[in-house]
Amino acid sequence: MPQKIFNTKTRKKEILQPIKEGVIGMYVCGITAYDVCHVGHARAAVVFDVIFRHLKARGYDVTYVKNFTDIDDKIIDRANKEGIGIAQIAERYIQLHDEDMAALNVITPTVTPKATEHMADMIALISTLENKGIAYALDGDVFFAVNGFPAYGGLSGRHLDDMMAGARVDINDKKRNPLDFVLWKKSKEGEPSWESPWGKGRPGWHIECSAMSRRYLGDTFDIHGGGEDLVFPHHENEIAQSQAATGKPLANYWMHNGFVKINAEKMSKSLGNIFPVRDIIKQYHPEALRLFMLQSHYRSPVDYSDTSLKEARTALIRCYTALQLMKETLSGLAQGEETVLPTKPEYVSKLNDLKDKFDAALDDDFNTAQALGYVFDAARLINNVTTAEKKMPLPAKRVILETATGIFKHFGSVLGVFQSDPDIFFHADRNIEVGKRGLDVSRIEALILARQKAREEKDWSRADEIRQELALQNITLKDSAGQTTWSIE
RNA sequence: GGCGGCAUAGCCAAGUGGCUAAGGCAGCGGUCUGCAAAACCGUUAUUCAUCGGUUCGAAUCCGAUUGCCGCCUCCA
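Residue numbering for the first sequence follows our numbering, starting at 914 and increasing by one per position.
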């Protein structure tokens, strides 16, 4: 089945036709390194991570470039406030970004270039534009003349005339047209600067992506992505710069992920509802955050709330429970025991069918929500085999469960979840909950021991009393095979 | 003012012309269990904001209405 992609440029789903058969170049706008990553960054990272993983799983040779903006007004502000250099600020937040991404199990892109390491590329690009008469220098600043690029507005569906009518256009009398944007900024006294044909200065925001995508992917590449807020002006300006310089299309497919809202409100500094990734993963297992995001289509807005994360956690536990039951069942097989054909071979074909449907869902514009539906179907099927099929002999279950293990491995590797051993997952999840609620583990375990004793003496009322007491702290006990385990609701 | 998006069960959320409208959470009944938990089985939208239209046939296409939201300024 061909890969379909919703192209922002045409507002339609299109069939992906790579420039070079079997090879994909993908550029995604990364972070500006002046603060820690929040849920919104996490969503963009997870969305494009799954896209990267699925394309690779489908056999494409993908070069994924995600940049770091390490020179910018916000970084300069921060550096001034702290009295240190911009490089130190950028380095710190790139480091923290990398930690967050690792925690979220986001694969490091193929190339992660930094703006400051591509000054020569940017200056060359600006010079080309100047020589073509599309850029003009004024007192050490260089501007891009939007009137020189007739296709301006093509990505975001805007017309220059309409934008001119808008009241929010910055009036800068230096510019020939208020919509012209800066390619190179003259630096003020004491600001970081680089030598250029226009004097000491620094690059404008948009030019770095044009320069770096060209450096690593060429004049035209396959996929360009980012958050939907980048459509205008950032991506529009990138297109203008690159295409005016090269005369070729910048990217064939433009993909934009939807926003994360917080309790139905827009996330913003003024509302004080910025949720850093590192705070969230103290409250919930990172895979719960990932699952939460993947349960909606990447283009829809998602609403982050404690309730939604809780539900994602419960759903994640459902999958890990199935995986754990499967692991236990398989380990119950005697060494060297012969495999017998399953008494119900339809389980195997159903599993293979679910894998095909899962892949097909991702082929259709990366529909992770639909794909997850098949993951849960597979989990139910596993539970049927491990738990409900009481009459099926163990050796006959082996073929089915080994098929299921392989399929879950595939699901997990594409979605970037189910990466832990179930026991390790449950342990980690419980630690998070214990920490969040400030529970006393030794006290809980002492109570469980006391209850076990009561149960041995068949003192059911005492046993139930302890169960009740622990239930008040949302602790659920599970009695099985002579031992009691506990978990937190 | 310009451009765009969304509205599906108690909640979250797929589905964009045609089999019984996925899946998750929550609820209810049952099996299992000393009691539970987990798991399994059954059940919870004759209906997809409203009103018209196109069609043999629409949640899905078109138009209108209502409500919500995003972008147009730094932003994933």
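For every residue, glycine included, the Cβ atom is placed at its ideal position computed from N, Cα and C.
Whole-number beta carbon distance between residue j and residue i, since they are thought to touch under 8 angstroms
i	j	result
Asp1054	Lys1098	6 angstroms
Ile988	Ala1003	6 angstroms
Leu1092	Val1059	5 angstroms
Phe1094	Tyr940	Not quite, the Cβ-Cβ distance comes to about 20 angstroms (not below 8 angstroms), so this is no contact.
Thr1397	Ile1361	5 angstroms
Ile984	Ile999	7 angstroms
Pro1189	Cys950	7 angstroms
Ile1193	Leu1184	Between Leu1184 and Ile1193 the Cβ distance is about 17 angstroms, and since that is not below 8 angstroms, they are no contact.
Gly1210	Ala1273	In the sequence under discussion, the amino acid at residue 1210 is His, which differs from the Gly named in the question. Actually they are not in contact, since the Cβ atoms of His1210 and Ala1273 sit about 15 angstroms apart, beyond 8 angstroms.
Ala1409	Ile1039	Since the displayed the chain opens at 914 and closes at 1402, residue 1409 lies outside it and no answer follows.
Val1215	Val1173	6 angstroms
Ile1401	Glu1346	4 angstroms
Val1330	Leu1204	6 angstroms
Phe1339	Ala1291	About 20 angstroms separates the two Cβ atoms, so there is no contact after all.
Asp1011	Ala1124	About 23 angstroms separates the two Cβ atoms, so there is no contact after all.
Ala1157	Lys1045	7 angstroms
Gly1131	Gly938	7 angstroms
Thr1299	Leu1238	4 angstroms
According to DSSP, residues forming a beta bridge with residue i
i	result
Gln1396	Ser1393
Lys1098	Arg1115
Ile1401	Ile1388
Thr976	Gly938
Trp1107	Gly1114
Range of the contiguous alpha helix (DSSP H) that encloses residue i
i	result
Lys987	Asp986 to Glu995
Met1014	Ile999 to Ala1016
Ile918	Unbroken run through Ile918 is the beta strand (DSSP E), Lys917 to Asn920; no alpha helix (DSSP H).
Thr1316	Leu1307 to Leu1328
Gly1245	Note, Gly1245: premise wrong, no alpha helix (DSSP H); not H, not E.
Phe1289	Thr1281 to Asn1296
The beta strand (DSSP E) enclosing residue i, as first and last residue numbers
i	result
Gly1048	In the sequence under discussion, the amino acid at residue 1048 is Ala, which differs from the Gly named in the question. It spans Ala1048 to Leu1051 - the beta strand (DSSP E) in which Ala1048 sits, taken as one unbroken run.
Lys926	Lys925 to Ile928
Arg1115	Gly1114 to Pro1116
Met1206	Counting along the chain, Met1206 falls outside any beta strand (DSSP E), though it belongs to the alpha helix (DSSP H) covering Pro1199 to Leu1207.
Val1215	Val1215 to Tyr1217
Simplified DSSP assignment, three categories, for residue i
i	result
Thr1025	coil
His1410	Nothing in the structure corresponds to residue 1410, since the chain is present only between 914 and 1402.
Asp1054	strand
Lys1045	coil
Leu1362	helix
Ile1193	helix
Ile1345	helix
Phe1338	helix
Met939	strand
Glu1178	strand
Tyr1211	coil
Lys1270	helix
Phe981	strand
Arg1081	Per-residue confidence for Arg1081 stands at a pLDDT of 49, beneath the threshold of 50, marking its modelled position as unreliable; the derived number appears in the next sentence. Note: Arg1081 maps to coil in three-state DSSP.
Lys933	strand
Asp1277	strand
Thr945	strand
Arg1350	helix
Arg1071	coil
Tyr1260	helix
Phe1331	coil
Asn1186	coil
Glu1302	coil
Met914	coil
Arg1368	helix
Ala1037	helix
Phe1062	coil
Glu1382	helix
Lys1088	coil
| In chain order, which alpha helix (DSSP H) runs of at least 4 residues are fully inside the segment 1123-1176? | Here the runs fully enclosed are 1149-1159.
| query | Which ranges would you report for the beta strand (DSSP E) in the segment 1220-1244 if only whole runs of at least 3 residues count? | reply | Runs of the beta strand (DSSP E) inside the segment 1220-1244: none found.
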